[in-house]
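Mapping to the UniProt record's numbering: the sequence shown position 104 is 104, numbers consecutive. Structure record follows, encoded as structure tokens.
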Amino acid sequence: HYTTHVGDTITALEVGSLDVDAFFKVMDNSEYFTLNIYVLEHQSYHTDRLSYERGFLVRNAMVIDTQGLTLKHTSMRMFWRVKPTIPLADLYYPEFVGAAAELN
């Protein structure tokens with residue numbers, strides 16, 4: 001794991017490389033929502049474990065690479081798929097995200 005200068009774990013997301021059409025063929029909106037719950041649970045487990053081991057709160061720093069982002073990535077069907085997942089971290093995993101940065 002890479003960490004920030006304060007010890008938070010770093011998660012890199014490369015959103016511009018996503019094949020939107022394949023993304024919609026692989027799973028429906030309900031499955032995507034459930035997948036996000038699993039990812040948050042997995043990441044929060046590891047940040048909680050690291051917090052215990054290190055003796056201080058470890059959060060997640062997100063780096064989002066938007067290179068290659070197109071109109072397909074910002075379409076309404078994409079919005080309706082992602083919208084229900086947006087408040088999950090704030091509602092059920094407070095203090096999980098310590099920082100977020102966007103590149104490109």
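For each residue, glycine too, the CB sits at the ideal point set by N, CA and C.
Whole-angstrom distance between residue j and residue i, CA atom to CA atom
i, j, result
"H5", "V97", "15 Å"
"S51", "T11", "16 Å"
"L69", "L57", "33 Å"
"F79", "L91", "19 Å"
"N29", "R81", "5 Å"
"L40", "D48", "12 Å"
"Q67", "A101", "13 Å"
Beta-bridge pairing of residue i - partner residues as DSSP gives them
i, result
"N60", "T9 and V97"
"D65", "E14 and L103"
Residues of its chain near residue i, where Cβ-Cβ distance is below 7 Å and the 5 sequence neighbours each way are ignored
i, result
"S44", "Y93 and F96"
"E14", "D65"
Cβ-based burial, residue i [other Cβ within 10 Å; buried from 16]
i, result
"A61", "buried"
"D8", "buried"
"R59", "buried"
8 Å Cβ shell around residue i - same chain, five flanking residues per side excluded
i, result
"T85", "Y32, F33 and N36"
"H73", "V15, G16, L18 and V20"
Neighbourhood of residue i by C-beta distance below 6 Å, restricted to the same chain and skipping five residues each side
i, result
"L103", "D65"
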